[in-house]
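Engineer: Numbering (this note's numbering), first residue to last: 1 to 337.
Here a beta-carbon is modelled for each residue, glycine too, at the ideal position from N, C-alpha and C.
Because the structure is a prediction, the values reported are computed rather than measured.
Okay, here's the thing in structure tokens:
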């Protein structure tokens, strides 16, 4: 149990009925005062950050979403006064995820050296959590989302990390940010497709931009057949942990960015037990260059008024565009000259 969860448990056991916040300080020694709180009479949990009013940027936009809200509550009025930034859960359905969110955010805020930096970190992390909850909700990743993340991580591990180092490799991984393609290199783009079948017949395309190649750079599709292997496969948490070690060993700062990226992809360590199965192994891998005539839908090829599309592409129809791995990987390595 974290210090935050423990403080909430103690406050709950006290069961004080007076209206308002009942709180206990956590992270003693942090630049700003941080308290675990329970608001009565609603009984909702919160984390309270007490800072100088001057530490909050003028015109700050306070996040408010399905899972949580952040509100300023003046403690001492005036520009030289003090304000409480109250981070509060919104709905019982989000209680578990709020505990994970709250503990992570409070730790990151507590690590800042002064109040303005602490407030900046608070708003930045809550913006990231707001995106996370909008994309993934309070639950765990679906099996389809897990398989997609596994394919991207295996591509990163096998084909990118060995030649580029940790920071440059993770910087090239753009799929979790919402970029059209999963990997963006200075000389090419790569879209990774993972299908849970040893002999897949097709792959899924999520939008009109994914195979458009509008940048003018060579665009490749790397298609991985993912097999479920109880003995020689690896689970999603195992792949994540092994990549953490590999990226951290490069000592170039890529580990922090990697944590941000898996978070944006929807992965939380707190859910690792739910991902203990299945274990994945790489089956047949095929490479295609997306050139003129490749089977695809792009913004300029659909009727006027069509704004989005999700569709499947037959691997058999892609056969004329198949290339060997080196045709792609020769363009993903470090640039020279």
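I need the straight-line Cα distance from residue 276 to residue 237, nearest angstrom please.
Structural biologist: Rounded to the nearest whole angstrom, the C-alpha separation of residue 276 and residue 237 is 7 Å.
Engineer: For the region 76-141, which segments carrying the alpha helix (DSSP H) assignment without a break, of at least 4 residues, lie completely within its bounds, in sequence order?
Structural biologist: 95-110 and 115-136
Engineer: Verify whether the separation of the beta carbon atoms of residue 87 and residue 105 is less than 9 Å.
Structural biologist: yes
Engineer: Can you give the Cα-Cα distance for residue 318 and residue 256, rounded to whole angstroms?
Structural biologist: So the alpha carbons of these two residues sit roughly 37 Å apart.
Engineer: Do residue 150 and residue 62 have their C-beta atoms closer together than 9 Å?
Structural biologist: Contact: no.
Engineer: Please work out which residues of its chain come closer than 6 Å, Cβ to Cβ, to residue 213, disregarding the five sequence neighbours upstream and downstream, and give them in chain order.
Structural biologist: 219 and 290
Engineer: Determine the direct distance from the alpha carbon of residue 156 to that of residue 283, and round the result to whole angstroms.
Structural biologist: 16 Å
Engineer: Apart from the five residues just before and just after residue 252, which ones in its own chain have a Cβ nearer than 6 Å to its Cβ?
Structural biologist: 165, 166 and 167
Engineer: Please classify residue 349 as buried or exposed, where buried requires at least 16 neighbouring CB atoms within 10 angstroms.
Structural biologist: Residue coverage of the chain in this structure runs from 1 to 337, which leaves residue 349 outside it and unanswerable.
Engineer: Per the contact definition of three or more C-beta pairs closer than 8 Å, is the region 89-97 in contact with the region 9-18?
Structural biologist: no
Engineer: Leaving out five residues on either side along the sequence, give the residues of the same chain with a beta carbon under 6 Å from the beta carbon of residue 309.
Structural biologist: So the list reads 208 and 297, once near-sequence residues are dropped.
Engineer: Could you tell me the alpha carbon to alpha carbon distance between residue 287 and residue 327, rounded to whole angstroms?
Structural biologist: 9 Å
Engineer: For residue 216 and residue 192, what's the separation of their Cα atoms in angstroms?
Structural biologist: Just so you know, the alpha carbons of residue 216 and residue 192 end up roughly 19 Å apart.
Engineer: Measuring straight from C-alpha to C-alpha, what distance separates residue 29 and residue 231?
Structural biologist: 48 Å
Engineer: Assuming the contact rule is C-beta atoms closer than 8 Å, residue 90 and residue 68 should be a hit. Round their C-beta distance to whole Å, please.
Structural biologist: That belief holds up - the Cβ atoms of residue 90 and residue 68 are roughly 6 Å apart, short of 8 Å.
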